[in-house]
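**Student:** Sending over a structure as structure tokens; questions will come in a sec.
Protein chains: 4
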Amino acid sequence: MIKRGFASDNNAGVHPDIMKEFLAVNEGHVVGYGADPYTEQAREVFREQLGPDTEVFFVFTGTAANVLGITGVTRSWNSLIAAETAHLQQDECGAPEKFTGCKVLTSETPDGKITPALIARHMHGFGFEHHPQPGVISITQASEMGTVYTVEEIRTMAGYAHSHGMYLHMDGARLANAAVSLNLPFRSFTTDAGVDVLSFGGTKNGMMMGEAICFLKPGLSEGFKYIRKQGMQLASKMRYISAQFLAYFRNDLWILCASHANAMASMLEDKLKGISGITITQPVQSNGVFVIMPDVVAEKMMKHYFFYSWNEFTSEYRLMTSWDTTEEDIERFTFLLKQEMAAASL
Amino acid sequence: MIKRGFASDNNAGVHPDIMKEFLAVNEGHVVGYGADPYTEQAREVFREQLGPDTEVFFVFTGTAANVLGITGVTRSWNSLIAAETAHLQQDECGAPEKFTGCKVLTSETPDGKITPALIARHMHGFGFEHHPQPGVISITQASEMGTVYTVEEIRTMAGYAHSHGMYLHMDGARLANAAVSLNLPFRSFTTDAGVDVLSFGGTKNGMMMGEAICFLKPGLSEGFKYIRKQGMQLASKMRYISAQFLAYFRNDLWILCASHANAMASMLEDKLKGISGITITQPVQSNGVFVIMPDVVAEKMMKHYFFYSWNEFTSEYRLMTSWDTTEEDIERFTFLLKQEMAAASL
Amino acid sequence: MIKRGFASDNNAGVHPDIMKEFLAVNEGHVVGYGADPYTEQAREVFREQLGPDTEVFFVFTGTAANVLGITGVTRSWNSLIAAETAHLQQDECGAPEKFTGCKVLTSETPDGKITPALIARHMHGFGFEHHPQPGVISITQASEMGTVYTVEEIRTMAGYAHSHGMYLHMDGARLANAAVSLNLPFRSFTTDAGVDVLSFGGTKNGMMMGEAICFLKPGLSEGFKYIRKQGMQLASKMRYISAQFLAYFRNDLWILCASHANAMASMLEDKLKGISGITITQPVQSNGVFVIMPDVVAEKMMKHYFFYSWNEFTSEYRLMTSWDTTEEDIERFTFLLKQEMAAASL
Amino acid sequence: MIKRGFASDNNAGVHPDIMKEFLAVNEGHVVGYGADPYTEQAREVFREQLGPDTEVFFVFTGTAANVLGITGVTRSWNSLIAAETAHLQQDECGAPEKFTGCKVLTSETPDGKITPALIARHMHGFGFEHHPQPGVISITQASEMGTVYTVEEIRTMAGYAHSHGMYLHMDGARLANAAVSLNLPFRSFTTDAGVDVLSFGGTKNGMMMGEAICFLKPGLSEGFKYIRKQGMQLASKMRYISAQFLAYFRNDLWILCASHANAMASMLEDKLKGISGITITQPVQSNGVFVIMPDVVAEKMMKHYFFYSWNEFTSEYRLMTSWDTTEEDIERFTFLLKQEMAAASL
């Protein structure tokens, strides 16, 4: 039996429309490493979505998208400033430090989002050779806690970064979920809000694998093709990444997938609210629901559903929905949880 | 019009059996990052193919397979010794140096293969702190020039490495082509011949993307899971790499593909021999044919067929066949080349 | 006019006994890079001071001592845990990340010292490939805030580190000041308290330049000679670093210098306590005094005395004494400060 | 007994005038890390010697000078091109690769000097993302084999580098010996000949330790202060490096020392020519003499004099003279060698 669960949006499979696209581009020979017509089309689609100055480079993983994109706009003596919960701090096994050489400075946040006030303590030592030079502020949209930055919040962070001579990086592993949540086109809260470098994720929203590093302003991508290759992320059969993005944008497949995932999270939230003893810790703005439940209950639930502990010190757990989560999944999960909670409280 | 050509085996598409496998594993949720049943099956198949002590880690690219595998058995003060023509020297944009920190030392070779005699000049300075410590000898099977090491040659290199306290790494981006050429199972010229770390390639022989780093002796893979993650090569939806290898080994698909590619190279060689003024520079032992032709002719041919210059100083060109090369491709290419050569000699 | 000041103990010159030693070892030829009799003597002295298993390697700077020593006991996927105020976090321009590849995780502390409770939040994710593996806890003795760990506190940190399979590193840039403060031999609060790797500082206590990386347990220094050389810290004319340590330990010069510096800090503390409006923020346990004073006053004082702002957000300033600080220096400084404070309060 | 020898110019001690300078600058406090008047004076002297656009940064070792200087003008995807005998290839334990991330490409040379013809084979792949981008040509003056580039040869190399968009780096660990050999001021064969980045050595010519990284053209040193600090080479008590350079240039001490060393090499060459069976392999143009002698004789000589094997495959040995080599040293060495050669030939 293969368990269904709420562990991560990457536990879901590949959307059928993506699968079909593989077949559509599989015929014949095309030049490797991105000099093929599908990749050129995909690059064009990104320019349509994010603006005509967009330079896009496809890679395999979200970690690579973050690390290499940031490498493109830093030197090793810079520091990167992010939320303590940022993927690049918690979940990339030190890849940012290893590859960029930069120091990562973080601030605790209540909701996975950072503000100028929260990170101000890292904004010092400019020009002082003993101190790593603040180079990049990185925000995650939607955040690792499922919250979503407003356009105004992003603008503020961009202005704050730029006024210090820094760049604003956005980790958009779940960018589609944020776009749907904001009900806005990608461009409005990335390029137009002042973001410089963007990790545009596809894998978590129905693709097989495929992330796009987007430089949103002219000049930022100089030399980047060498960084990607040296970063071991240049696909030889590139057409199979590009094709996924073609399908992803065609007929707004990305909206279909992300809307569904967000709606399922919303339904899950509603159902959880009806269970006594469960605390929802974060506003549900995309496809993640964060809850506190007794560890003994969580252990029992994990026999049936795979999901992750978020904070072992506070008994907080993370429940993610995806493009293929069903209402039945949620009904069954919450039904069982209700039973277990009741049993635990006896 | 999409040109067919002889540029690289990675210009070919994905074999239909691989494509089918994607659909077969696409149902439902599985845990990400490799803790899924398909990946466990694929790991088991590798143990069957290469021996029970094999520890296998899947990555996306051949460059990553080489660089990370070598990272696993080195420290930054080591040196790597390889042929001047090695992929890791010529075609990885310095990724080995950037990621491992090691110095790469190379020797010129007549045929892409190294011998103890050819690399002896690098085998010094052991224990001398000023000098990078020779740590790994890397050979490519089949070599970048299409030649194939015999079992005995590999044994010799392994013995040479081990007697100096070094490891033998094999870049097997075209391992299947070598196996077919040798008419031997993989294990006989890898594990059993003394290879320590193997980059087992799939992409160039009909897969979409997928390379396997294989540690062939107990203890070598300690800590490697962190290296792969920090190396940005841990696939979240791992099942889609694993599944490709399942299909690859099932019904000997790999033999089918590699035999065909090798046979096409052999046919191409035969046809080229019949063209006056064309010099074949290397024995054709796998799926590559290296020829010297006039640059003006090459330029004309490149309008119809995509292929690469190998050595701009000597007018040497590389022609690669793949699992999907057809006899017609070869007939047409050689027919046209004959015409162009005749025209050029007027 | 060369200002005297309280900026740093490295603004002081070289003790005359160290100067004399240079002349004593300057005669004739000796083998370079440490294979000389003076270096062998110095290594022997370290074994006497820290225990017979001590392996010592001299380097030029405190940053190098920290970074290279830690490199010796980590792999790039490890994390380092330290106080937010640690030199390796604040003052090494990202050298730890650049050279080790490791992530640095910090905790805020009230006094520059960390405890198990303070760093517990970083002690998770063991064995989880997404998360950098906690590898080293680093403490600074005396701390960057002038406080000193007791033997018991160090033992506790060592036990905590070892129980998690980690190493305890001690940044001892001001180790002599701590020894004098504790009135204990070096060994009792380093080797015997469980420290694994020690940066033993000389520069800040009367030497010209010279730091010693001490591995305090067998086996830890394997391969380290290559790390030092690759780290660009192998002195060709090594005798001039070794000789400084010979003089440093002879006749307890280090005690003379550190006792004086500590006594001067104590005197400074006493005088500052008598000035209305000055707040001393830390217990004065070695040679640093931390005070809050109005920024306008600090600015005026800096025209006469060089010293550093410690925290621009809280108007905290750092005053360091050294082996050559005089009572007159302190009398004059506090006299002037008293005047400026009085003027500012009008 | 301390043996005198010909192992390296760094086996010699420190010139008395340098020693005196330490005392001269030892009084009182000065700001650390280079913001002191002695360092400013030393920087001014460098501008006088090398041109008004010179930006100079002091470091401790020759390896650091090479590695950090090159870091200043490269990105990790570049390659460095040098002679196979270059210090950065043979004697820095892989520090260039580890710190810069760049690939080092070398060419065999008859005399330690490279020419466009010798390195042409590495000058390809420009703009091709798979290949490290040639970024720096590094030459050593005087070379590791004791030979000296003429001004015209340097100009040629600079032109060759610049015409390919590359920089010319000069490893000047023995720059003074070259200047004396050429009988030219430093500037004429560095800045004025087109060199971009220079490692200006002091240690091998009578200093205690001290190398200067000189950027000879405007704009090249941008951000370099961070590279030096992150490279662990920022001296806290900088005045003691700066002061050495002040003494070094005052009254042409550098000429005195280097002239003497060169003259001694010349005398050694003359004496060796008179010994039957000894082959001098390189023109003696600075302070090194390279000879082939029977290994058995070399072993016997090494009991009395320390010197290094240069090439164990050809029985070539290196004999270096220094500022303190005496005529008596040479008389005795060659007298003994003559005896041993005679004994060996019986």
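These protein sequence lines are chains A, B, C and D, in that order. Numbering of the first sequence is given in this note's numbering, commencing with residue 1498 and proceeding in unit increments. Numbering of the second sequence is given in this note's numbering, commencing with residue 1498 and proceeding in unit increments. Numbering of the third sequence is given in this note's numbering, commencing with residue 1498 and proceeding in unit increments. Numbering of the fourth sequence is given in this note's numbering, commencing with residue 1498 and proceeding in unit increments. Glycine residues also receive a C-beta, built at the ideal position from the N, C-alpha and C atoms.
What's the call for Asn-1680(D), buried or exposed, on a 16-neighbour Cβ count within 10 Å?
**Tutor:** Under this definition Asn-1680(D) is an exposed residue.
**Student:** Name, in chain order, the residues that DSSP records as bridge partners for Leu-1615(B).
**Tutor:** Leu-1615(B) pairs with nothing; no bridge assigned.
**Student:** DSSP state of Ser-1600(D), grouped into three classes?
**Tutor:** The displayed chain sequence assigns Lys, not Ser, to residue 1600(D). Correct three-state label for Lys-1600(D): strand.
**Student:** Which first and last residues belong to the beta strand (DSSP E) in which Ser-1853(B) is found?
**Tutor:** Any answer about residue 1853(B) is impossible in this case: the structure gives chain B only from 1498 up to 1843.
**Student:** By the three-class DSSP mapping on this structure, what secondary structure does Thr-1823(D) have?
**Tutor:** Residue state, collapsed to three classes: coil.
**Student:** Can you give me the C-alpha to C-alpha distance between Glu-1605(C) and Ser-1573(C), rounded to a whole angstrom?
**Tutor:** If you take the alpha carbons of Glu-1605(C) and Ser-1573(C), they lie about 24 Å apart.
**Student:** With a 10 Å radius around its C-beta and 16 neighbouring C-beta atoms as the bar for buried, classify Asp-1792(B) as buried or exposed.
**Tutor:** It is exposed - the Cβ of Asp-1792(B) has fewer than 16 other Cβ atoms within 10 Å.
**Student:** Could you list the residues in the segment 1563-1576 of chain D with a C-beta less than 8 Å from some C-beta on chain B, going in chain order?
**Tutor:** Under the 8 Å Cβ criterion, the segment 1563-1576 of chain D contributes Ser-1573, Trp-1574, Asn-1575, Ser-1576.
**Student:** If we count the other Cβ atoms within 10 Å of its Cβ and call it buried at 16 or more, is Ile-1499(C) buried or exposed?
**Tutor:** Any answer about Ile-1499(C) is weak, because its pLDDT of 47 lies below 50 and its placement is not dependable; what the coordinates show is given next. Ile-1499(C) comes out exposed.
**Student:** What does the Cβ neighbour count give for Ser-1819(C), buried or exposed, with the cut at 16 atoms within 10 Å?
**Tutor:** Ser-1819(C) should be labelled buried.
**Student:** Can you tell me which of the three DSSP states Phe-1557(B) falls into?
**Tutor:** It is coil, neither helix nor strand.
**Student:** Quick one: Cα of Met-1516(A) to Cα of Met-1704(A), how far?
**Tutor:** Roughly 9 Å separates the two Cα atoms.
**Student:** Under DSSP, the beta strand (DSSP E) around Leu-1577(D) begins and ends at which residues?
**Tutor:** Counting along the chain, the beta strand (DSSP E) containing Leu-1577(D) begins and ends at 1575-1580.
**Student:** Can you tell me which residues form a DSSP beta bridge with Cys-1711(C)?
**Tutor:** Beta-bridge pairing links Cys-1711(C) to Val-1553(C), Leu-1695(C).
**Student:** Mind checking Arg-1736(C): buried by the 16 CB within 10 Å criterion, or exposed?
**Tutor:** Arg-1736(C) should be labelled buried.
**Student:** Evaluate Ser-1454(A) with the Cβ neighbour count: other Cβ atoms within 10 Å of its Cβ, from every protein chain shown; 16 or more gives buried, anything less gives exposed.
**Tutor:** An answer regarding residue 1454(A) cannot be provided, because it is not within the stretch 1498 to 1843 covered by chain A.
**Student:** Residue range of the beta strand (DSSP E) that Tyr-1665(D) falls in?
**Tutor:** Just to set this straight, residue 1665(D) is Leu in the shown sequence, not Tyr. Its beta strand (DSSP E) spans residues 1664-1669.
**Student:** At what residue ranges does the segment 1782-1833 of chain B contain a whole run of the beta strand (DSSP E), taking only runs of 3 or more?
**Tutor:** With a minimum length of 3 residues, the continuous beta strand (DSSP E) runs that stay inside the segment 1782-1833 of chain B are 1785-1789, 1805-1808, 1813-1817.
**Student:** Determine which residues share a DSSP beta bridge with Ile-1777(A) and list them.
**Tutor:** The partner list for Ile-1777(A) (beta bridge, DSSP) reads Val-1788(A).
**Student:** Would you mind sorting Gly-1559(B) into buried or exposed? The rule is 16 or more other CB atoms within 10 Å of its CB.
**Tutor:** With 16 or more Cβ atoms within 10 Å of its Cβ, Gly-1559(B) is classed as buried.
**Student:** On the three-state DSSP scale, how would you describe Met-1764(B)?
**Tutor:** Helix.
**Student:** So with Cβ pairs under 9 Å, would you call Ile-1611(D) a contact of chain A?
**Tutor:** No, Ile-1611(D) does not count as interfacial toward chain A.
**Student:** Which residue from Pro-1631(A), Ile-1616(A), Ala-1614(A) puts its Cα closest to that of Gly-1622(A)?
**Tutor:** That would be Pro-1631(A), whose Cα lies nearest to the Cα of Gly-1622(A).
**Student:** If the cut is a Cβ gap below 8 Å, which residues of chain C does Thr-1700(D) touch?
**Tutor:** Under the 8 Å cutoff, chain C gives Ser-1733, Lys-1734.
**Student:** Quick check on Leu-1843(D): buried or exposed, where buried means 16 or more other Cβ atoms within 10 Å of its Cβ?
**Tutor:** Under this definition Leu-1843(D) is an exposed residue.
**Student:** Which residues, taken in chain order from the segment 1709-1743 of chain B, show a beta carbon closer than 9 Å to some beta carbon of chain F?
**Tutor:** Absence of chain F from the displayed structure is noted, the protein chains being A, B, C and D.
**Student:** Hey, does Pro-1631(A) have any beta-carbon neighbour from chain D nearer than 9 Å?
**Tutor:** No, Pro-1631(A) does not count as interfacial toward chain D.
**Student:** Would you give the residue range spanned by the alpha helix (DSSP H) that Asn-1674(D) belongs to?
**Tutor:** First-last of the alpha helix (DSSP H) with Asn-1674(D): 1672-1679.
**Student:** Taking only three categories from DSSP, how would you classify Met-1620(D)?
**Tutor:** Met-1620(D) falls in the coil class under three-state DSSP.
**Student:** Compare the Cα-Cα distances from Leu-1565(C) to each of Val-1645(C), His-1526(C), Ser-1696(C) and report the closest residue.
**Tutor:** Leu-1565(C) has its Cα closest to that of Ser-1696(C), out of Val-1645(C), His-1526(C), Ser-1696(C).
**Student:** What I want to know is whether the C-beta of Met-1729(D) ends up closer than 8 Å to one or more non-hydrogen atoms of the ligand GTP.
**Tutor:** Ligands are entirely absent from the displayed structure, and the ligand GTP is therefore not among its contents.
**Student:** State the Cα-Cα distance for the pair Glu-1828(C) and Leu-1672(C), rounded to the nearest angstrom.
**Tutor:** Near 27 Å, if we compare the C-alpha coordinates of Leu-1672(C) and Glu-1828(C).
**Student:** Along the alpha helix (DSSP H) that carries Glu-1719(C), what are the first and last residues, could you check?
**Tutor:** Looking at the DSSP string, Glu-1719(C) is not in any alpha helix (DSSP H), and its letter there is neither H nor E.
**Student:** Can you name the residues of chain C whose CB is closer than 8 Å to the CB of Glu-1626(B)?
**Tutor:** In chain order: Tyr-1530, Lys-1722, Tyr-1723, Arg-1725, Lys-1726, Leu-1731.
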